[in-house]
Amino acid sequence: MQHDVRPIEPADAERLGDLLARNRAWLAPWDPVRPETFFTVDGQRAEIQSAVRRRQQGVMMPLVITTDGVVVGRINLNSIVMGAFCSATLGYWVSEDAAGNGAATAAVGLATRMAFDRLGLHRVEAGTLPHNERSQRVLANNGFERYGYAPRYLRIAGEWQDHVLFQRLAD
Numbered sequence: 070m071q072h073d074v075r076p077i078e079p080a081d082a083e084r085l086g087d088l089l090a091r092n093r094a095w096l097a098p099w100d101p102v103r104p105e106t107f108f109t110v111d112g113q114r115a116e117i118q119s120a121v122r123r124r125q126q127g128v129m130m131p132l133v134i135t136t137d138g139v140v141v142g143r144i145n146l147n148s149i150v151m152g153a154f155c156s157a158t159l160g161y162w163v164s165e166d167a168a169g170n171g172a173a174t175a176a177v178g179l180a181t182r183m184a185f186d187r188l189g190l191h192r193v194e195a196g197t198l199p200h201n202e203r204s205q206r207v208l209a210n211n212g213f214e215r216y217g218y219a220p221r222y223l224r225i226a227g228e229w230q231d232h233v234l235f236q237r238l239a240d
């Protein structure tokens, strides 16, 4: 299998809408509560338009994860800050069908390399729910180190939930 990442584009709306609708229950424990429209093609068109605007502003790098050329998830470098900070926050998901086949691990590696080599960032951080051991392994396999614990960090699945924080510094 060939895993890759590429910039998101408007043509991805149909595939992402379908993936999100089919994987709603799979992703629900790890995601914020979303409006119904998020799980539709039109909702994904709006999400993509917003992401492309943020990319043009230099505050986000929105990407899709592919396996053998087929979109299987999303990965983003969010909250890009330059200057003295030179940092971004990484977020990602893969469909249930793609979980466990190396797609997330490859995507995190590729997006992190992009952050350092192409964007010139010094640091990439990511947070996981404490019980999300699979995501923690993905990060560890890509050289991320645990550096903190944030109580009630994000509202996930309708609840303020603690997160384990990881970071990777540019080599």
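Here the sequence shown is numbered in the numbering used here, starting from 70 and rising by one per residue. Quick reminder that beta carbons are idealized off the backbone N, C-alpha and C, glycines included. Source: prediction; values computed, not measured.
Quiz item: Pairing CB atoms from the region 231–240 with CB atoms from the region 185–198, are three or more of them under 8 Å?
Solution: yes
Exercise. Go through its chain and collect everything with a Cβ distance to Q230's Cβ below 8 Å, but skip five positions before and after it.
Key: L198, R221, Y222, L223 and R224
Quiz item: According to DSSP, is R187 helix, strand or coil?
Solution: coil
Quiz item: Looking only at its own chain, which residues have a Cβ that is under 8 Å from the Cβ of L88, when we skip the five neighbours before and after it?
Solution: V140, V141, G142 and S164
Practice problem: Within its chain, find whatever has a CB closer than 6 Å to the CB of T158; leave out the 5 residues flanking it on each side and keep chain order. | Solution: N147, S148 and E194
Quiz item: So, G86 versus Q113, is the Cβ gap smaller than 9 Å?
Solution: yes
Exercise. Determine the direct distance from the alpha carbon of G152 to that of I134, and round the result to whole angstroms.
Key: 29 Å
Quiz item: From what residue to what residue does the beta strand (DSSP E) around Q230 run?
Solution: E228 to L238
Quiz item: Between Q118 and P79, what straight-line distance do the alpha-carbon atoms span, to the nearest angstrom?
Solution: 7 Å
Quiz prompt | Proximity below 9 Å, CB of D73 to CB of L179 | solution = yes
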